[in-house]
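Take a look at the structure below.
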Amino acid sequence: MYTYIAQRLATAVLVVLGVVTLVFAALHLTPGDPIEMLLPADAGGQASEAFAAQLRARYGLDQPLPVQYARYLANVVQGDLGTSIRTNRPVLQDLVRLYPATFELTIVSLIIASVIGIAAGVMAALHRQTWVDGVVMTFALLGVSLPGFVLGLVLMLVFALQLGWLPPSGRVGGFDTVEAWRHLILPATTLGIAASAIIARLVRASMLDVLKEDYVRTARSKGMAERRVVWRHAFRNALMPIVTVIGLEFGVLLSGAIIAETIFSWPGLGRYLINGITGSDFPAVQGAVMAIAVTFVLVNLLVDLGYTLLDPKVRLA
Amino acid sequence: MHIRSHLRTLALTGLVALAALAPAQSVLNLAMPGSAGPVIDPHRASNVGQYTVAQLMADPLVMYEDGAYLPALAESWTVSDDGRTVTFMLREGVTYHDGRPVDADSIVWNVERITDPADPLVLASQFATLEAITARDAYVVEMTLSGVDPEFLLKLTSVGMVSPAAGEGGAPVGAGPFVVQEFLPDERMTLTRNEAYWAGAPALETIVVRNIPDPSTLVLELEAGTVDLVTFAPLSQARRLEAAGFTLATFGRINTAVLAINNVAVSDARLRQAICYAVDRDVVLDVAYAGLGRPQTTIALQGSWAHDPDVTGYTYDAERARAILDEAGFVDTNGDGIREIDGRPIDLDFQSRSDGEWLLATQILQQYLADVGIGTTITAHDSATYYANVRTGAYELGWWLSNAQPEPPIVEYVFHSGDFWNVIQKHRPRVDELVMIGRTNADQDVRAEAYFELQRIFADEAIQCPLFWVEQAHVYDANLQGVKSTPRGVLYGAHAWRFE
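So the sequence lines, in the order shown, correspond to chains E and B.
Residues in the first sequence are numbered from 1 upward in steps of one, following the working numbering.
Residues in the second sequence are numbered from 1 upward in steps of one, following the working numbering.
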């Protein structure tokens with residue numbers, strides 16, 4: 001078990017290194033100069049040229065690419081993710097500040113997605129080829145195909161503007177106040193609905209497979225209550241692929257947060273990333289991508305470890 | 001039972017919130033669009049929205065209003081005969097929010113901080129002509145310039161002064177009408193009124209500044225009443241919001257919109273002239289910019305001292321564009337509607353930013369150009385790539401908006417071959433000379449003459465096609481009064497803002 005975890009962590013380091021390298025290459029090989037974004041367009045005059053050169057030197061952007069890359073890696077190993085060109089703060093400090101916002105949004109939307117997805121999927125499976133199944137699957141199809149920014153704006157229009165129940169955007173932070181939850185509901189639901197659709201489809205398929213199994217028939221023929229058959233025997237066995245997909249969905253939600261955070265003015269990693277990309281803020285983009293990659297790898301490690309709890313047949317070596 | 005008690009809590013919270021808002025509103029919720037939220041350090045502000053926030057917390061030496069300079073931290077000032085020495089007499093008894101006096105030493109410290117060669121701030125460009133600064137007396141500051149800089153005072157209006165405590169590791173605090181209470185980067189900034197403000201205590205108690213990047217969300221927040229003032233409202237929504245009862249405050253000529261032409265790549269002046277005649281400015285203005293602006297025919301502001309009334313410039317005349325092209329021998333021989341030059345169809349690389357109104361404007365222009373037989377291929381980029389391409393000449397045509405200062409009333413800072421943003425690319429010694437006369441001469445008549453000649457050269461050569469001055473808009477609650485905006489869109493005079 002511990003050897004397995006160690007192996008997985010070693011792979012995780014390689015994955016993150018790969019991601020960092022790709023992002024570094026993508027950022028530096030595409031056109032766009034972060035320094036130009038800093039200069040006021042009306043600064044004018046020859047002064048700007050000298051000033052730009054000064055700034056470039058300050059952020060090390062005047063060095064050849066391999067040198068910049070080696071420097072960056074060396075700094076990352078020492079826990080220094082560089083200074084954001086846009087905010088002029090250490091990237092690590094920004095990430096630490098913004099991470100909780102994205103994490104709480106992702107976790108809450110994952111819970112929403114799982115609860116809706118599992119309930120809808122089980123219901124559809126149990127009422128296969130009835131109107132219940134039809135309605136659930138239609139909504140699932142809609143949920144998958146509706147872009148997050150459209151859904152987000154529709155929810156905002158209805159619940160913030162028309163009904164006035166919830167604030168349109170912004171964040172209070174934490175889970176301990178009513179205001180914090182009121183701000184969290186819309187973005188988390190927007191994110192959660194798309195993911196719940198995918199989970200619902202999978203739960204339905206997985207449940208249908210399991211319900212055909214012999215042990216389910218046996219359980220029923222023993223005269224066991226249907227509810228017990230469904231949840232104890234069928235659902236538990238249908239869970240394996242579902243847990244895998246929920247782990248993967250976490251990654252999807254993290255990337256979905258990029259759009260949701262922009263629409264809902266949610267100060268998290270996603271928005272930081274978008275701002276970084278539009279401003280060619282290399283250190284910020286690299287840092288944010290790294291944080292997302294690390295989270296994704298760790299969550300999937302946890303999912304794999306979770307298999308052993310769900311299925312005693314799985315042994316990790 | 002549980003749900004019911006939660007609902008009751010929710011309802012009570014709502015009522016309490018409503019009750020707090022019931023008397024004349026004293027909290028202003030201000031929202032900024034775009035990706036850059038407010039910054040805590042006024043010296044690090046680098047866009048117009050951030051300048052607005054900087055003005056809330058830190059006052060500059062002088063302010064600019066309707067063509068005149070007004071005293072702020074400097075009560076008065078004198079300019080020497082040769083125009084190179086400006087002496088400021090500071091208002092006595094004014095303190096920064098941390099209690100330190102606004103004295104000559106602190107002003108010198110501010111300027112030295114901004115221009116520190118080891119850590120230059122963006123604002124350093126405002127002091128490019130400053131040679132020396134000295135504290136002549138406890139409340140007298142003298143600035144010596146390397147040459148005449150007619151716009152030096154204007155540049156100072158965007159420099160908010162902060163307490164030297166910032167140099168000792170403290171958070172930068174200014175002497176402005178509002179004091180920063182809480183700052184959560186990218187989230188919000190809360191400011192409360194400075195009771196000791198030199199021009200009197202502000203009417204508003206609190207200003208909450210939020211950054212809302214999505215334009216649709218911004219409008220929705222305004223309509224939901226959770227935001228009272230939106231700086232730089234999305235133009236596509238401006239008219240609708242006005243009709244819905246909000247105040248639409250337009251401010252002028254923040255941007256001049258031009259069809260930028262790479263004069264090295266598009267070297268034939270006849271082709272450039274045809275391009276300038278081919279486009280209908282009014283249509284682009286109405287469709288892409290909600291009609292907020294006015295057509296621009298030359299590089300100077302019509303009716304201003306820099307404008308040569310004899311230069312008519314370019315207006316929409318498709319027939320004339322076709323005639324110029326025909327005469328030049330650029331004709332369509334294969335009947336595909338696009339003219340050929342030396343047997344090859346004209347296909348200009350037309351670049352645009354992919355966001356906002358930029359792409360729409362570019363597409364309209366493309367149609368007008370195609371109409372007279374000039375083929376183009378549009379490539380849309382993120383803003384960073386787009387600016388880099390245009391700046392370095394990796395483009396042929398570009399839809400270009402420039403920020404303009406109120407003075408001089410002419411777009412000149414992108415034409416000098418040594419300029420950072422020299423979008424026209426081609427070096428014309430006479431243009432450089434004229435721009436420098438305009439920038440460094442104290443005599444307005446001499447400057448006007450240089451600018452007149454510049455306009456003639458631009459019109460003859462069709463160096464680029466001026467299209468219109470774009471106005472921008474702030475949109476706010478109709479009850480909010482006293483909001484003023486500089487021509488660039490920086491909001492100021494916050495001590496007099498109030499709800500009625």
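We put the CB at the ideal spot given by N, CA and C, even for glycine.
Quick one: using the 10 Å Cβ neighbour count with 16 as the cut-off for buried, is residue i buried or exposed?
i	result
Phe-175/E	exposed
Glu-221/B	buried
Glu-444/B	According to the sequence displayed, residue 444/B carries Gln and not Glu. That one is exposed.
Gly-121/E	buried
Leu-254/E	buried
Ser-267/B	exposed
Ser-114/E	buried
Gln-46/E	Low confidence applies here, because Gln-46/E scores a pLDDT of 45, under 50, leaving its location unreliable and the question unanswered by this model.
Ala-19/B	Residue placement at Ala-19/B is flagged as unreliable, the pLDDT there being 48, under the threshold of 50; a coordinate-derived value is accordingly withheld.
Leu-309/E	exposed
His-381/B	buried
Asp-281/E	buried
Asn-334/B	exposed
Could you spell out where the alpha helix (DSSP H) holding residue i opens and where it closes?
i	result
Glu-433/B	429-440
Val-203/E	178-211
Met-57/B	48-57
Ala-370/B	358-371
Leu-70/B	Per DSSP, Leu-70/B belongs to no alpha helix (DSSP H); it is in the beta strand (DSSP E), 68-71.
Thr-295/E	282-310
Arg-188/B	No alpha helix (DSSP H) holds Arg-188/B; the beta strand (DSSP E) holding it covers 188-193.
Ala-10/E	2-29
Ser-216/B	215-224
Phe-250/E	236-263
What's the gap between the Cα of residue i and the Cα of residue j?
i	j	result
Asn-110/B	Phe-250/E	48 Å
Asp-105/B	Met-161/B	12 Å
Gly-174/B	Glu-205/B	17 Å
Val-210/E	Leu-29/E	50 Å
Ile-207/B	Phe-103/E	29 Å
Val-411/B	Ile-424/B	13 Å
Asn-75/E	Thr-392/B	32 Å
Val-144/E	Ser-196/E	9 Å
Asp-41/B	Ile-35/E	19 Å
Val-331/B	Pro-429/B	33 Å
Ala-249/B	Tyr-51/B	18 Å
Leu-208/E	Ser-265/E	41 Å
Thr-138/E	Phe-232/B	41 Å
Leu-325/B	Tyr-289/B	30 Å
Ala-43/E	Ala-45/B	Bear in mind that the predicted position of Ala-43/E carries a pLDDT of just 43, short of 50, making it unreliable; the figure below should be weighed with that in mind. So the two alpha carbons sit approximately 13 Å from each other.
Ile-114/B	Gly-49/B	20 Å
Going by DSSP, what residues sit across from residue i in a beta bridge?
i	result
Ser-76/B	Met-89/B
Asn-29/B	Val-208/B
Thr-134/B	Glu-142/B
Glu-416/B	With the sequence shown as reference, residue 416/B is identified as His, and Glu is not the correct amino acid for it. For His-416/B, which the question treats as bridged, DSSP gives no partner whatsoever.
Ser-485/B	Leu-491/B
Glu-65/B	Ala-68/B
Tyr-476/B	Leu-229/B, Thr-247/B
Gln-351/B	Thr-379/B, Gly-398/B
Arg-294/B	Trp-469/B
Phe-159/E	Phe-159/E is not bridged to any residue.
Pick from the options: whose alpha carbon is nearest that of residue i?
i	options	result
Leu-98/E	Ala-25/E, Arg-271/E, Val-294/E	Arg-271/E
Ala-6/E	Leu-305/E, Leu-310/E, Ala-70/E	Leu-305/E
Val-154/E	Val-108/E, Ile-193/E, Phe-296/E	Ile-193/E
Glu-223/B	Ile-457/B, Pro-164/B, Leu-241/B	Leu-241/B
Arg-447/B	Thr-376/B, Trp-305/B, Arg-456/B	Trp-305/B
Asp-94/E	Leu-61/E, Arg-128/E, Gly-287/E, Val-297/E	Gly-287/E
Ile-364/B	Ala-388/B, Val-287/B, Phe-415/B, Gly-337/B	Val-287/B
Ser-80/B	Gln-55/B, Leu-154/B, Asn-334/B, Gly-147/B	Gly-147/B
Leu-17/E	Val-229/E, Leu-61/E, Tyr-69/E, Gly-276/E	Tyr-69/E
Val-230/E	Ile-246/E, Glu-213/E, Val-245/E, Val-96/E	Glu-213/E
Ala-328/B	Ala-269/B, Phe-420/B, Leu-360/B	Ala-269/B
Gly-379/B	Ala-128/B, Gly-373/B, Trp-399/B, Leu-369/B	Reading the sequence as shown, one finds Thr at residue 379/B and not Gly. Thr-379/B has its Cα closest to that of Trp-399/B, out of Ala-128/B, Gly-373/B, Trp-399/B, Leu-369/B.
Tell me which residue opens and which closes the beta strand (DSSP E) that residue i is part of.
i	result
Ile-457/B	Premise fails: Ile-457/B lies in the alpha helix (DSSP H), 444-461, not in any beta strand (DSSP E).
Val-266/B	Looking at the DSSP string, Val-266/B is not in any beta strand (DSSP E), and its letter there is neither H nor E.
Gln-181/B	178-184
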